[in-house]
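Asks: So for the sequence shown, the working numbering puts the first residue at 1370; every next one is plus one. For glycine and all other residues, C-beta sits at the position ideal for the given N, C-alpha and C.
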Amino acid sequence: MDLHWREQESEASERLAVANHTESCKECDGGGFQCYKSRVQIHRPMKDYNFIAYLCYLLYAPLYLAGPIMTFNDFMSQTKTRLPSTTNHSQLIRYTLRLILCVVLMETFQHWLFVIAIAKSGTWLSSFTGFEVFCLVVFNLKHIWLKLLIMWRFFRLWALLDGYESVENMGRCMMNNQSASGFWRNWHRSFNRWIVRYVYVPLGGSRLYVLNLLVTFTFVALWHDLEMKLITWGWFICLSIIPEYLAGIYFPHKKWESWRFYQSLCACGAVVNIWLMVCANIVGFGALSGDDGGFLKGIPKMFSSDIMSIMGMFVFWFSVAQVGFSYRRWEEMTEKSTE
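This is how it looks when you write it as structure tokens:
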């Protein structure tokens, strides 16, 4: 696709794209170090699109097994010019220490919280309350998140030490996402960007949003494995994103942000999004026992609690969402956003 787009691009549009990044982009300092967007979108010289380079890209050892995913343009750009992040020793040491701390946290988690064994044994069906089942699912998903974070950060660190900077796959903690679309932008983020560039946008992007969303998540499900539960998972995600999309149309942020209760309304929507994501991931990641991941038995069980327990869960996630909104504002003020 990168080669095809390179062949279709005119010289004038290529010069304009380069000028935009070298002259106006804050991250492009004019010394050969390019921002992520320019490394992906600005095409390489035709001589770089050859079979040997393609094999090197496909079989690059640090990212071959599990990613994070790089585009060909990005890979070839960094082959020619190293980024500062790959030569900053203090930054690499801090990143290594963070990875080690995550491994220690995982060992502590597995030593004290037996969520996987409890979920797979099925004992939650007879002895757990709805609130306890919900907690079991959340901690199980937290375990999956931490496991994937360690794996992806290890391979990313390997690539950094070799001179290639790939995307941080887990951009945020899974608990620090108030929207369904934001959750998937920060869970396996390199794959999300790859999907957007090579599947979603070529299909037409937002012009046919709902249809392209369905096709894209069906592709994502099939990419994971050819299982009906994963296809169901992909379609469930589509259904959970559509209400958020419609809410964004009828309650646009710029128009409603001045309303004093707007953030509270968004927090209520965030609670619904969190519950929908939990339900979807019960199927996709098998957070409970059974062929369907425990979906048919787990969902009724979770919401079989008394009204006070359900209200307590709502208040808890409502508060989590409010903290998340405050954290976003802090990121905007300090320009540390990971989006």
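Which residue comes first and which comes last in the alpha helix (DSSP H) that contains Gln1547?
Replies: Here the question's residue 1547 lines up with position 178 in the sequence shown. Per DSSP, Gln1547 belongs to no alpha helix (DSSP H) and is neither H nor E.
Asks: On a Cα-Cα basis, can you pick out the residue from Trp1592, Trp1604, Met1702, Ile1618 that is closest to Ser1575?
Replies: Counted from its first residue, the sequence shown places residue 1575 at position 206. Taking only the C-alpha atoms, the option nearest Ser1575 is Ile1618.
Asks: Taking the alpha-carbon positions, what's the Glu1701 to Gln1691 distance?
Replies: Within the sequence shown, numbered from 1, the residue matching residue 1701 stands at position 332. Within the sequence shown, numbered from 1, the residue matching residue 1691 stands at position 322. Cα-Cα distance, rounded: 16 Å.
Asks: Would a C-beta distance cut-off of 8 Å place Ala1528 and Pro1621 closer than the cut-off?
Replies: Locating residue 1528 in the sequence shown gives position 159, where the first residue counts as 1. Locating residue 1621 in the sequence shown gives position 252, where the first residue counts as 1. Taking 8 Å as the Cβ cut-off, Ala1528 and Pro1621 do not qualify as a contacting pair.
Asks: Compare the Cα-Cα distances from Phe1560 to each of Leu1428, Ile1438, Ile1411 and report the closest residue.
Replies: Translated into the one-based positions of the sequence shown, residue 1560 becomes position 191. The shortest C-alpha separation from Phe1560 is found at Ile1438.
Asks: Decide if Thr1492 is buried, meaning its Cβ has at least 16 other Cβ atoms within 10 Å, or exposed.
Replies: Start at 1 with the first residue of the sequence shown, and residue 1492 comes out as number 123. Classification of Thr1492: exposed, given that the 10 Å Cβ count is below 16.
Asks: Closest to Phe1685 by CA distance: which of Phe1508, Phe1420, Ala1388, Val1640 is it?
Replies: By 1-based counting over the sequence shown, the position of residue 1685 is 316. Of the listed residues, the one whose Cα sits closest to Phe1685 is Val1640.
Asks: Applying the criterion that 16 or more other CB atoms from any shown protein chain within 10 Å of the CB defines a buried residue, is Cys1607 buried or exposed?
Replies: For the purposes of this step, residue 1607 is taken as the residue at position 238 of the sequence shown. Per the 10 Å Cβ criterion, buried.
Asks: Per DSSP, what kind of secondary structure is Leu1482 in: helix, strand or coil?
Replies: Locating residue 1482 in the sequence shown gives position 113, counting from the first residue. Reduced to three states, the DSSP call for Leu1482 is coil.
Asks: Looking only at its chain, what residues have a beta carbon closer than 7 Å to the beta carbon of Ala1386, apart from the 5 residues adjacent to it on each side?
Replies: Here residue 1386 corresponds to residue number 17 of the sequence shown, with the count starting at 1. Here the set comprises Gln1410, Ile1411.
Asks: DSSP state of Cys1404, grouped into three classes?
Replies: Looking up residue 1404 in the sequence shown gives position 35. Here Cys1404 sits in coil by DSSP.
Asks: Would you say Ser1688 and Thr1498 are within 8 Å of each other, going by their C-beta atoms?
Replies: Here residue 1688 corresponds to residue number 319 of the sequence shown, with the count starting at 1. Here residue 1498 corresponds to residue number 129 of the sequence shown, with the count starting at 1. No, the pair does not count as a contact, with Cβ atoms beyond the cut-off.
Asks: What's the C-alpha gap between Gln1447 and Ile1421?
Replies: Taking the first residue of the sequence shown as 1, we reach residue 1447 at position 78. Taking the first residue of the sequence shown as 1, we reach residue 1421 at position 52. Whole-angstrom Cα-Cα distance: 16 Å.
Asks: Is it a yes or a no for the stretch 1548-1560 touching the stretch 1477-1490, going by three-plus beta-carbon pairs under 8 Å?
Replies: With a cut-off of 8 Å, the stretch 1477-1490 and the stretch 1548-1560 do not count as touching, because too few Cβ pairs lie within range.
Asks: Okay, do the stretch 1627-1642 and the stretch 1530-1544 touch, 3+ Cβ pairs below 8 Å being the bar?
Replies: No: fewer than three Cβ pairs fall under 8 Å.
Asks: Should Val1589 and Ile1564 be called a contact, given that it needs their Cβ atoms to be closer than 8 Å?
Replies: By one-based count along the sequence shown, residue 1589 stands at place 220. By one-based count along the sequence shown, residue 1564 stands at place 195. Yes, the Cβ-Cβ distance between Val1589 and Ile1564 is below 8 Å.
Asks: Thinking just about the alpha-carbon of each residue, which of Leu1526, Ile1651, Cys1394 is nearest to the one in Leu1461?
Replies: Along the sequence shown, read from residue 1 onward, the residue named residue 1461 stands at position 92. Minimum Cα distance to Leu1461 is reached at Leu1526.
Asks: DSSP state of Pro1621, grouped into three classes?
Replies: Counted from its first residue, the sequence shown places residue 1621 at position 252. Looking at Pro1621 - three-state DSSP - the assignment turns out to be coil, as it is neither helix nor strand.
Asks: Given this structure, state the Cα-to-Cα distance separating Trp1644 from Phe1503, to the nearest angstrom.
Replies: For this step, residue 1644 is matched to residue 275 along the sequence shown. For this step, residue 1503 is matched to residue 134 along the sequence shown. Looking at the two C-alpha atoms, the distance is approximately 9 Å.
Asks: Would Met1445 and Arg1413 qualify as a contact pair, given that the criterion is a beta-carbon distance under 8 Å?
Replies: Counting from one through the sequence shown, the residue named residue 1445 turns up at place 76. Counting from one through the sequence shown, the residue named residue 1413 turns up at place 44. Yes, these two residues count as a Cβ contact at 8 Å.
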